[in-house]
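Under numbering that gives the first Met the number 0, the residue at position 21 of the sequence shown is numbered 20, and the numbers go up by one with no gaps. Glycine is no exception: its CB is placed at the ideal position from the N, C-alpha and C atoms.
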Amino acid sequence: MNKKFVCYLDILGFSKMVENNTHEDVVELFRKFQFVFLFSFPDSLEKKPNSDVYFPNYTNIKTKSFFVSDSILIWSEDNDVNSFANFTKRIGRILNYAFVEGYPLRGSIAYGNFTYEKSHKSPVNEGQFIVGNSLVRAVNMEQKTAWSGCVLDNSCNEILDMLVFNTERKETKKLSEHLVEYNIIAQYPVPMKGKDGTEEINGFAINWVNPMISDKLNLGDFENCFTRYGKSVDSCSVKTKITNTKLFAEYIVNNQKVIFIGTKSNGEF
0 MNKKFVCYLD ILGFSKMVEN NTHEDVVELF RKFQFVFLFS FPDSLEKKPN SDVYFPNYTN
60 IKTKSFFVSD SILIWSEDND VNSFANFTKR IGRILNYAFV EGYPLRGSIA YGNFTYEKSH
120 KSPVNEGQFI VGNSLVRAVN MEQKTAWSGC VLDNSCNEIL DMLVFNTERK ETKKLSEHLV
180 EYNIIAQYPV PMKGKDGTEE INGFAINWVN PMISDKLNLG DFENCFTRYG KSVDSCSVKT
240 KITNTKLFAE YIVNNQKVIF IGTKSNGEF
């Protein structure tokens, strides 16, 4: 079977952003988002010869992505433990950079069968299709959550429960325990949409809160990330998402789990 790690992300407030801006402005905003996305995608930046400018280093990245309007699909090219650790860190960077730039994302990561294929291109069809139960699970879980964040679907437990040896700390634990200790993921009561408001499920979520997010909390600038570019916060559901996202960020900050993006403190498994 062709099993992959798959992340489905949705740009919150995208419809209002489209309605409240000209088409030309929306195109420019989306180009800006793609730049932010591609800048956060690699594991490192490198300085080009005879230049003081740093560029993304895409060497040895075993991850692909696909955009359709406000939907972003990201998947791994393999399914080993190190790939999952790097995949979750990459999603954390994407969530962080996008949020800071005013593009709050909501998503889920699932594990399962996945196929992306290019074939039969014609004048009326680009000849691409994507299919897999991992995508279905990621989309279904993403749509149930009530925040800006990314939850790990239960299908990831097969990987999270694996016993792995950490060469940096010289110890064997479940992968989930390693990732929590390194603040890559957090065990958290994830807010879910319910009949009578927000419900919670105890699960694992991507940790995307870095010092820049902490500063936004301190300066009262957190909500601005949800309202930028003409997005609306008039509805109760949007206000709930903002509150739940803020609670998660405060939990990370208060428990000293803030991440420092770009550091090499993840060990090898």
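I'd like to know whether the C-beta atoms of residue i and residue j end up nearer to each other than 8 Å.
i	j	result
residue 103	residue 224	yes
residue 131	residue 114	yes
residue 141	residue 175	no
residue 35	residue 137	no
residue 189	residue 232	no
residue 94	residue 7	no
residue 63	residue 82	no
residue 148	residue 247	yes
residue 4	residue 50	no
Would you decide whether residue i is buried or exposed? Buried here means 16 or more other CB atoms lie within 10 Å of its CB.
i	result
residue 269	There is simply no residue 269 to check, as the chain begins at 0 and stops at 268 in what is shown.
residue 111	buried
residue 67	exposed
residue 124	exposed
residue 101	buried
residue 89	buried
residue 21	exposed
residue 259	exposed
Taking the alpha-carbon of residue i as reference, which of the options has the nearest alpha-carbon?
i	options	result
residue 15	69, 158 and 251	69
residue 2	78, 240 and 30	78
residue 288	173, 254, 134 and 197	Examination of residue 288 is not possible in this model, given that the chain is present from 0 through 268 alone.
Task: Minimum length 4: unbroken alpha helix (DSSP H) runs contained in the region 43–117 - done: 80–99
TODO: Count the CB pairs spanning the region 174–190 and the region 203–215 that are closer than 8 Å, and state whether there are at least three.
DONE: yes
TODO: Please specify which runs of the beta strand (DSSP E), each continuous and at least 3 residues long, are wholly inside the region 147–192, giving them in chain order.
DONE: 149–151, 162–165 and 170–173
Open item on the list: Taking 8 Å as the cut-off, does the region 225–232 touch the region 17–28 (at least 3 CB pairs, one atom from each stretch)?
Closed with: yes
Open item on the list: Could you tell me which whole alpha helix (DSSP H) segments of length 4 or greater appear in the region 228–252?
Closed with: Counting only runs that start and end inside the region 228–252, there is no alpha helix (DSSP H) element of at least 4 residues.
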